[in-house]
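Just so we're on the same page, this note's numbering is the position in the sequence shown counted from 1, plus 461.
Every residue, glycine too, gets a C-beta built ideally from N, C-alpha and C.
Given the structure is predicted, the values throughout are model-derived calculations rather than measurements.
Working notes for the structure below.
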Amino acid sequence: MPVEHAAIRNLLSHEQWRTAQAMQTATGQSLDEILIELGFCTQETALAAVAERAGLPLVELVERELDARVIALIPTELAFRHQALPLSATPTSLRVAIADPFNTTAADDIRLVTGRDVELVYANPLDVRRLVEEHYTRRMIADTADDDVQVLDENSDDIGDLETMAREATVVKLVNLILRQAVQERASDVHVEPFEKGMQVRYRIDGILHEVPSPPKRLQAAIISRLKIMASLDIAERRKPQDGRIKTRIAGREIDIRVSTVPTLYGESVVLRLLDRSAMNYGLPDIGMLPDTYRKIEQIITLPHGMVLATGPTGSGKTTTLYASLTAAYSTEKKILTIEDPIEYQLHGVNQIQVHPQIGLTFSAGLRSILRQDPDIIMVGEIRDGETAEIAVHSALTGHLVFSTLHTNDAASAVTRLLEMGIEPYLVASSVEAVVAQRLVRTICPNCKAPRPDMDTQRLELADSEFPLGDSDLLYMGRGCEQCKHSGYRGRTGIYELLVMDNAIRPLIMDRAPAAVIRAIACQHGMRTLREDGWRKVLLGVTTLEEVVRVTRQDDIEPVE
462 MPVEHAAIRN
472 LLSHEQWRTA
482 QAMQTATGQS
492 LDEILIELGF
502 CTQETALAAV
512 AERAGLPLVE
522 LVERELDARV
532 IALIPTELAF
542 RHQALPLSAT
552 PTSLRVAIAD
562 PFNTTAADDI
572 RLVTGRDVEL
582 VYANPLDVRR
592 LVEEHYTRRM
602 IADTADDDVQ
612 VLDENSDDIG
622 DLETMAREAT
632 VVKLVNLILR
642 QAVQERASDV
652 HVEPFEKGMQ
662 VRYRIDGILH
672 EVPSPPKRLQ
682 AAIISRLKIM
692 ASLDIAERRK
702 PQDGRIKTRI
712 AGREIDIRVS
722 TVPTLYGESV
732 VLRLLDRSAM
742 NYGLPDIGML
752 PDTYRKIEQI
762 ITLPHGMVLA
772 TGPTGSGKTT
782 TLYASLTAAY
792 STEKKILTIE
802 DPIEYQLHGV
812 NQIQVHPQIG
822 LTFSAGLRSI
832 LRQDPDIIMV
842 GEIRDGETAE
852 IAVHSALTGH
862 LVFSTLHTND
872 AASAVTRLLE
882 MGIEPYLVAS
892 SVEAVVAQRL
902 VRTICPNCKA
912 PRPDMDTQRL
922 ELADSEFPLG
932 DSDLLYMGRG
942 CEQCKHSGYR
952 GRTGIYELLV
962 MDNAIRPLIM
972 DRAPAAVIRA
982 IACQHGMRTL
992 REDGWRKVLL
1002 GVTTLEEVVR
1012 VTRQDDIEPV
1022 E
């Protein structure tokens, strides 16, 4: 048994040990990170056990105490190779925090390069990796100012020079650093944007864009060309949008990257959507549904036929909800087929079809073909037109359970959208079983979570508002720490509005009632709106009132009487 395993084996039950080992094999993460992530032990317990076994002091990293001059003592390549962060130095010694305390070569390598005695200490591996990424990325970007890298005119037609630039060691390292840091920071998207006097790199983390240190303008063409080469795009074509895909492995995790380029005034803008297979949660209980909502959904997805729709704006987690539903509905007795654009994640036991409009494989054409494959359950990535809607509705009426998405603001609006697409009211009323509207809210950082210090003021402000607050209720917030980059938030969860079709709603559909009327009647019969579901999660200490208000509209909730 490896020493790091022996250090914490006695903390776990047999079943927990097997689960942690399986996850480590699948993701390549360290065992202490997995134990903390799964909730099998506290961060302090796991880190202390590993440090004790390794015989190293356990320290807490404080970013403001780091010195750029000390960090410069270890070369970038060595710091990344050993995930080592220098903390302090004397003329003869160097104190270094390390992510892997059982790395037997790190101290010797650092001693050889720096000429100093090395004292290793152990710190939270996530903190070490994050700070190594941040500080050494800044150093590398600053160092490119003096590198002998060819500068190419953005409008140059010399493709040979462009390919040569894209393969320069500096450019390759910069692109790798951008991607690696994005994965480390849990970014869902990377935006590489050209402007007149510079280029900007931003990460979307928990739904919010954050600017990060950006490479110099003179490397713009080379960096964009490097990304296009990785995505198998045409680097000579800079006048029209292109879409591609990169499959790579970063920090032991398999990452799919969807690449989109569009021409702008000052060059091509590139957006990378990062899809981390190992971080994807497919279970309905894992996506933030409260128990009563989860139980209703669980009943609906066991129906033999009908349609279930997920609605919300782009990036609200609709596809994740459908994937979780398919995973819950899967059994060896059922054949499941999907048609998607694009296929974001591969699902075990599910036949997934990629849309290809260029060759005539659209949602509607693919859906017709799927019906000849004798499926039990069908997922259509998105209902975009009346033809797809009509085929999906008839599929739901002829013995198939159909899942799909629509772009509407709330659950009731999905009904009126189908009617606007030309579907007859009696078909909508007969086929649709449920509509789930959803949004994503940021969750309070567990490391710095604390009761709000202004509770008395909050009670006064909410006294006559739509958000009822009892005398014993507490609201929480994140104070801000290095783990959440002082935002107070880390991670996201869903808030949900579930409209179940019943005898009160179906007659309204037959009468083509407006969405507002359907919503009002549904609320009278127990439907919880997005804001109400969000408020429940505020009272549970999952998120904040500010987050719920940010992602929902004022009219998403009826006045509380």
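| message | Quick check on L735: does DSSP put it in helix, strand or coil? | response | Start at 1 with the first residue of the sequence shown, and residue 735 comes out as number 274. It is a strand residue.
| task | Give the DSSP-derived three-state secondary structure of G939 in the structure shown. | result | Counting from one through the sequence shown, the residue named residue 939 turns up at place 478. Three-state DSSP puts G939 in a strand.
| request: Work out the CA separation of I979 and R1011 for me, nearest whole Å. | output: In the sequence shown, counting from the first residue as 1, residue 1011 sits at position 550. In the sequence shown, counting from the first residue as 1, residue 979 sits at position 518. Roughly 24 Å separates the two Cα atoms.
| Could you give the uninterrupted runs of the alpha helix (DSSP H) lying entirely in the stretch 771-843, keeping only those of 4 residues or more? | 779-790 and 824-832
| If L527 sits next to L592, beta carbons under 8 Å apart, how far is it from one beta carbon to the other, in whole angstroms? | In the sequence shown, the residue the question calls residue 527 occupies position 66. In the sequence shown, the residue the question calls residue 592 occupies position 131. Confirmed, Cβ separation roughly 7 Å.
| request: Could you name the residues of the same chain whose beta carbon sits closer than 6 Å to that of G659, not counting the 5 residues immediately before and after it, in chain order? | output: Against the sequence shown, residue 659 aligns to sequence position 198. If we look at G659 and ignore the five residues flanking it on each side, its Cβ neighbours are K678.
| For the 8 Å Cβ check, are there 3 or more pairs between the stretch 901-915 and the stretch 881-888? | no
| request: Check whether the Cβ atoms of G842 and I800 lie closer than 8 Å to each other. | output: Locating residue 842 in the sequence shown gives position 381, counting from the first residue. Locating residue 800 in the sequence shown gives position 339, counting from the first residue. It is a contact, given that the beta carbons lie within the stated cut-off.
| query | What does H1024 pair with, by DSSP beta-bridge criteria? | reply | No answer is possible for residue 1024: the residues shown for the chain start at 462 and end at 1022.
| C-beta contact flag for L862 and P765 at 8 Å | For the purposes of this step, residue 862 is identified with residue 401 of the sequence shown, where counting begins at 1. For the purposes of this step, residue 765 is identified with residue 304 of the sequence shown, where counting begins at 1. Yes.
| query | Can you list, in chain order, the residues of its chain whose CB lies under 8 Å from that of N585, leaving out five sequence neighbours each side? | reply | Numbered from its first residue, the sequence shown carries residue 585 at position 124. If we look at N585 and ignore the five residues flanking it on each side, its Cβ neighbours are Q504, L508, E521 and L522.
| said: Quick check on DSSP: helix, strand or coil for G847? | reply: Start at 1 with the first residue of the sequence shown, and residue 847 comes out as number 386. Residue state, collapsed to three classes: helix.
| task | From the DSSP output, in three-state form, read off Y583 for me. | result | As a first step, residue 583 must be located in the sequence shown, where it is residue number 122. In the structure shown, Y583 sits in a strand (DSSP, three-state: E or B).
| message | Quick check on the burial criterion: 16 or more other C-beta atoms within 10 angstroms. Buried or exposed for E1014? | response | As a working note, residue 1014 is residue 553 in the sequence shown. The question names Glu, but residue 1014 in the sequence shown is Arg. Answer is exposed; the Cβ neighbour count stays below 16.
| message | Does I744 come out as helix, strand or coil in the three-state DSSP assignment? | response | To locate residue 744, count along the sequence shown from 1; it is residue 283. Sequence inspection shows Gly at residue 744; the Ile mentioned does not correspond to that position. The answer is coil: DSSP assigns G744 none of H, G, I, E or B.
| field | As assigned by DSSP and simplified to three states, the class of V593 | value | As a working note, residue 593 is residue 132 in the sequence shown. Correct three-state label for V593: helix.
| said: Taking the straight line between their C-alpha atoms, what separation do you get for V876 and G767? | reply: Counting from one through the sequence shown, the residue named residue 876 turns up at place 415. Counting from one through the sequence shown, the residue named residue 767 turns up at place 306. In a straight line, the C-alpha of V876 is about 14 Å away from that of G767.
| Taking DSSP as the reference, what is the three-state secondary structure of V897? | Working through the sequence shown from its first residue, we reach residue 897 at position 436. Strand, per DSSP.
| query | Going by C-alpha distance, which of A857, V896, E848 and S730 is nearest T869? | reply | Position 408 of the sequence shown holds residue 869. When only C-alpha atoms are compared, the closest one is V896.
| said: Can you list, in chain order, the residues of its chain with a C-beta nearer than 6 Å to that of R940? Leave out the 5 residues immediately preceding and following it. | reply: Mapped onto the sequence shown, residue 940 falls at position 479. Around R940: C909 and A911.
| query | Any idea which residues DSSP pairs Q703 with across the strands? | reply | If you number the sequence shown from 1, residue 703 lands on position 242. T722.
| message | I need the straight-line Cα distance from R973 to D846, nearest angstrom please. | response | If you number the sequence shown from 1, residue 973 lands on position 512. If you number the sequence shown from 1, residue 846 lands on position 385. For R973 and D846, the distance between alpha carbons rounds to 19 Å.
| Where V1003 falls: helix, strand or coil (DSSP) | For this step, residue 1003 is matched to residue 542 along the sequence shown. If DSSP states are grouped into helix, strand and coil, V1003 belongs with coil.
| Name the DSSP bridge partner or partners of A540? | Counted from its first residue, the sequence shown places residue 540 at position 79. Per DSSP, none; premise fails for A540.
| query | Measuring CB to CB, does A545 end up less than 8 Å from I532? | reply | Numbered from its first residue, the sequence shown carries residue 545 at position 84. Numbered from its first residue, the sequence shown carries residue 532 at position 71. Between A545 and I532, the C-beta gap is not smaller than 8 Å, which leaves the two residues out of contact.
| query | Between L808, T780 and A981, which lies nearest to D871 when the distance is taken from Cα to Cα? | reply | Locating residue 871 in the sequence shown gives position 410, where the first residue counts as 1. Nearest C-alpha to D871: A981.
| task | Return helix, strand or coil for P655, following the three-state DSSP convention. | result | As a first step, residue 655 must be located in the sequence shown, where it is residue number 194. In the structure shown, P655 sits in a strand (DSSP, three-state: E or B).
| In whole angstroms, what is the alpha-carbon distance linking G576 and E513? | Residue mapping note: residue 576 aligns to position 115 of the sequence shown, counting from 1. Residue mapping note: residue 513 aligns to position 52 of the sequence shown, counting from 1. If you take the alpha carbons of G576 and E513, they lie about 28 Å apart.
| query | What is the rounded straight-line gap between the Cα of F824 and the Cα of D747? | reply | Counting from one through the sequence shown, the residue named residue 824 turns up at place 363. Counting from one through the sequence shown, the residue named residue 747 turns up at place 286. Distance between the alpha carbons of F824 and D747 is about 29 Å.
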